[in-house]
Amino acid sequence: MVKINDNFQKLPGGYLFPEIGRRVRAFSAENPPMPLIRLGIGDVTQPLAPAVIEAMKKATEEMAHKETFRGYCEETCGAYDFLRFAIRDSYKATGVDIADDEIFVSDGAKSDCGNIGDIFSADNIVAVCDPVYPVYVDTSAMAGRAGDFDGERWTKLVYLPCTAENGFFPALPQGDRIPDLIYICSPNNPTGAAATKEQLKVWVDYANEHGSVILYDSAYEAYITEPGIPHSIYEVEGAKTCAIEFRSFSKTAGFTGNRCAYTVVPKALERGGASLNAMWNRRQGTKFNGVPYVIQRAAEAVYSPDGQKQTMETIAYYMNNARIIKEGLSAAGLTVYGGTNAPYIWARTPDGVGSWDFFDLLLKKACVVTTPGAGFGPSGEGYIRLTAFGDADATVEAVERIKKVL
Ligand code: PLP
Numbered sequence: 021m022v023k024i025n026d027n028f029q030k031l032p033g034g035y036l037f038p039e040i041g042r043r044v045r046a047f048s049a050e051n052p053p054m055p056l057i058r059l060g061i062g063d064v065t066q067p068l069a070p071a072v073i074e075a076m077k078k079a080t081e082e083m084a085h086k087e088t089f090r091g092y093c094e095e096t097c098g099a100y101d102f103l104r105f106a107i108r109d110s111y112k113a114t115g116v117d118i119a120d121d122e123i124f125v126s127d128g129a130k131s132d133c134g135n136i137g138d139i140f141s142a143d144n145i146v147a148v149c150d151p152v153y154p155v156y157v158d159t160s161a162m163a164g165r166a167g168d169f170d171g172e173r174w175t176k177l178v179y180l181p182c183t184a185e186n187g188f189f190p191a192l193p194q195g196d197r198i199p200d201l202i203y204i205c206s207p208n209n210p211t212g213a214a215a216t217k218e219q220l221k222v223w224v225d226y227a228n229e230h231g232s233v234i235l236y237d238s239a240y241e242a243y244i245t246e247p248g249i250p251h252s253i254y255e256v257e258g259a260k261t262c263a264i265e266f267r268s269f270s271k272t273a274g275f276t277g278n279r280c281a282y283t284v285v286p287k288a289l290e291r292g293g294a295s296l297n298a299m300w301n302r303r304q305g306t307k308f309n310g311v312p313y314v315i316q317r318a319a320e321a322v323y324s325p326d327g328q329k330q331t332m333e334t335i336a337y338y339m340n341n342a343r344i345i346k347e348g349l350s351a352a353g354l355t356v357y358g359g360t361n362a363p364y365i366w367a368r369t370p371d372g373v374g375s376w377d378f379f380d381l382l383l384k385k386a387c388v389v390t391t392p393g394a395g396f397g398p399s400g401e402g403y404i405r406l407t408a409f410g411d412a413d414a415t416v417e418a419v420e421r422i423k424k425v426l
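The working numbering applies: residue 21 is where the sequence shown begins, and numbers increase by one.
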């Protein structure tokens, strides 16, 4: 009789977004007085840049002819040189030297953040920020690294609280459990906080000293507006010997439906006498056949002058929404964080109201869908997250409605 992976049985059933979906559907069935505005799930709403569309059309046409048709990509782990070189050059333009064979193109930062666990032993101690992007936790749990879920926390995870008091950036763990794998996300989903070089340096030194590995998710680096905030962990001295970086075209260029991302594994990063770059290369080469040619050409077009200009315009559109949400909710008396270097606004609920109760209130009274902070971890209780990815007019309307309710 086959034995299943019991770790899956330990996962709590109500993953955050299905539960939100359930509540929204139940409310919709009651005939809400106004159309719903969704500022909950972090999906983009604006179309792809014209330069990207052009590249996709051209690449699609190539697929229509025998001479230019492409099948499996036999270059590095299914990534064409044209894209890896463009990514390498974009790092170089910001002063970070990454070799092209340190870049692995994939179908998503979500997959890579979870799949990276394949190259590490199941008994490693994992640290996650709290609140946290749920993928780090659930994939650790599936791999047996999280222990059991006690209704609020996973028994084996090291939780690093990120609160208003520490500026939503984690302090080094206290106690005798030294984490081996440390997930850090900056700019952060859900709090919208972005780490400084000094803050990251503390973790880089810690990881190098203890032989840990930082799994650095910078899926939102394109949203950084303040000078001096690092876009890459490799801007921090010492990071190449302790950090893996995940990036994505999803939020940078509206590729949530296109699927393209990349992960950097420096060749200088070794643990247990092994090169993690060689291990990830082996893992991807075995389990992954690459991103479609048309999509890789589309991603390449993001780096063209037109592509850069057009994608930056879309990011500015979203960041204007962020400003509107932030200013509107502050004017309504809420304490609001994020929204400056990230498309997420993290708002304190008024008068200590619970996150799910505040979520329900905004849903029922303002017909605005948000995300309850408690869904991202125990330290998210007392907050809600709003995303700046909505339509601009709808965002203005949502903020007006929320103001009236408060
Ligand atoms: N990392 C973070 C922090 C995210 O918020 C998201 C998407 O919401 C992802 C990764 C997923 O990126 P991708 O679409 O490339 O899988």
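For every residue, glycine included, the Cβ atom is placed at its ideal position computed from N, Cα and C.
At the C-beta level, E255 and K217 come within 8 Å of one another. Where F37 is concerned, the enclosing alpha helix (DSSP H) starts and stops at L36 to S48.
Close CB contacts of K329 within its chain, under the 8 Å cut and outside five residues either way in sequence, are absent. In this chain, G231 is not harboured by any beta strand (DSSP E), its DSSP state being neither H nor E. In the three-state DSSP reduction, G393 falls in the helix class (H, G or I).
DSSP places A367 within a strand segment (E or B) once states are collapsed to three.
The nearest non-hydrogen atom of the ligand PLP is 7 Å or more from the C-beta of D150. Short note on T211: C-beta not closer than 7 Å to any heavy atom of the ligand PLP.
When C-alpha distances from G134 are compared across A113, R165 and A408, the shortest belongs to R165. By the neighbour-count criterion, in which 16 or more other beta carbons inside 10 Å mark a residue as buried, T88 falls on the exposed side. Between T276 and A69, the gap from beta carbon to beta carbon reaches 8 Å or more. For W174, DSSP records a beta bridge to F169.
D168 has its CB no nearer than 7 Å to any heavy atom of the ligand PLP. For L56, there is no enclosing beta strand (DSSP E), as DSSP gives it neither H nor E. One Cα belongs to T211, the other to A119, and the distance between them is close to 32 Å. Around the CB of Q194, fewer than 16 other CB atoms lie within 10 Å, so the residue is classed as exposed. By DSSP's assignment, L180 forms a beta bridge with C149. Shown here, I264 sits in a strand according to DSSP, grouped into three states. CA-CA distance, V224 to A259, rounds to 6 Å. Those residues having their beta-carbon less than 5 Å away from any non-hydrogen atom of the ligand PLP are, in chain order, G62, G128, A129, K130, Y153, C205, N209, D237, A239, S268, S270 and A281. Here S160 is buried. Its C-beta has 16 or more other C-beta atoms within 10 Å. Ranked by how close their Cα comes to the Cα of P151, the residues H85, I253, R104 and Y203 have Y203 in first place.
When the beta-carbon positions are compared, V72 and V311 stay at least 8 Å from each other.
DSSP places F105 in the helix class (H, G or I) of the three-state scheme. For I139, same chain residues with a beta-carbon under 8 Å away, outside a window of 5 residues either side, are L296, M299, W300 and R303 in chain order. About 19 Å separates the CB atoms of K384 and F37; that is not less than 8 Å, and the two are not in contact. Rounded to the nearest angstrom, the gap between the Cα atoms of I40 and F378 is 13 Å.
Going by beta carbons, F396 and D63 fall outside the 8 Å limit. Between L349 and L59, the C-beta spacing is not below 8 Å. Counting of Cβ neighbours within 10 angstroms places V285 among the buried residues, the total reaching 16 or more. Within the DSSP bridge table, the entry for T407 names Y364 as partners.
Counted as a single uninterrupted DSSP element, the stretch harbouring Y156 is not any beta strand (DSSP E) but the alpha helix (DSSP H) occupying residues P154 to M162. Of the residues assessed, F28 falls on the exposed side of the cut-off, its CB having fewer than 16 other CB atoms within 10 angstroms. Following the DSSP letters along the chain, one finds Y282 inside the beta strand (DSSP E) bounded by residues A281 to V284. L381: member of the alpha helix (DSSP H) spanning S375 to L381, first to last residue.
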